[in-house]
Every structure is written in C-alpha cells, then in structure tokens.
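Some notes on the structure that comes next.
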Amino acid sequence: VHGGESKDEGKEDEVIEIPPEMGSNGKAAKYVFVRIPRPVIGVERLSLLCGILRLEACKDSSFGKVMTIMGSLSRVRENRQILLKELGTVAESLGGDALRDLTELNEKLSMATKEVRSG
39 VHGGESKDEG
49 KEDEVIEIPP
59 EMGSNGKAAK
69 YVFVRIPRPV
79 IGVERLSLLC
89 GILRLEACKD
99 SSFGKVMTIM
109 GSLSRVRENR
119 QILLKELGTV
129 AESLGGDALR
139 DLTELNEKLS
149 MATKEVRSG
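Numbering (our numbering), first residue to last: 39 to 157.
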C-alpha cells in the first residue's frame, strides 16, 4: 500500500509447515514438490529491463543482476518470447552503434595516414 500502512504491518511472518507426503511405499517422501508461481511480466517492463543492457553506464555487477533476473523470468514461455525479441532489438542497436563508431574511427585513421604521408 503506497503512502499508508500495510495491512500486515506489525505482524510477524506466519510459518507454514508442509507435512511430508506419503510415497507409494507408505513411508514419508524425501521431497515435497510445490508449485512455483510463474508470473507473466508486461512487455513494457521487460523492455525496460533489456534496455539497461544498452546503457553505457551499465556496470558489470548490474549486467550480472539483469542477466540473473532475465534468466529467472525466461522460465515462463510468454516472458521468454518477449525477452528474445527485446534482446534482438538491443543487439541490433548495439551493433549499429558499433558500426558507426568503427566507421568514424576508419575515417580518422585514413585522415591521419594521409597527413603522415603528405607531411
């Protein structure tokens, strides 16, 4: 709840015990399987997440965190499809930036070479 108190504020976390399930042999099972929520994240939010990778100020630690988050979110098929599309857009954009930088560098090197030869 924004700007106010949460309805759970002041309460201690509730502990829920999961009883062991019985296996086919009548003994308690070694593992208990639970369903994990698989949220579908909106296109806008996934686009923003992928956009972080395009930032020049993105540090290695931030990059690692974003990749971890994306790895977890990509376990949901709908998220994975959006992430692939957004990552393709980021890669295309970064490739275009790199191509422009290399073209500019090539021009500067060519000009420097001409000056050295003529001068």
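Just so you know, even glycine gets a beta-carbon here, dropped at the ideal spot from N, CA and C.
Per-residue burial, residue i [other beta carbons within 10 Å of its own, 16 or more giving buried]
i	result
GLU124	buried
MET149	exposed
CYS96	exposed
Span separating the alpha-carbon of residue i from that of residue j
i	j	result
VAL154	GLU145	14 Å
ARG90	ASP98	A quick correction: the sequence has Ile, not Arg, at residue 90. About 12 Å.
MET105	LEU111	10 Å
GLY109	LEU122	11 Å
Contacting residues, own chain, Cβ-Cβ under 7 Å from residue i (five flanking each side not counted)
i	result
GLU116	VAL78
Closest by C-alpha distance to residue i, when choosing among the options
i	options	result
LEU93	ALA129, LEU140 and LEU137	ALA129
GLN119	ARG138, GLU142 and VAL81	VAL81
ILE74	THR141, ARG113 and GLY102	ARG113
CB-CB length for residue i against residue j, believed under 8 Å
i	j	result
ILE107	LEU87	7 Å
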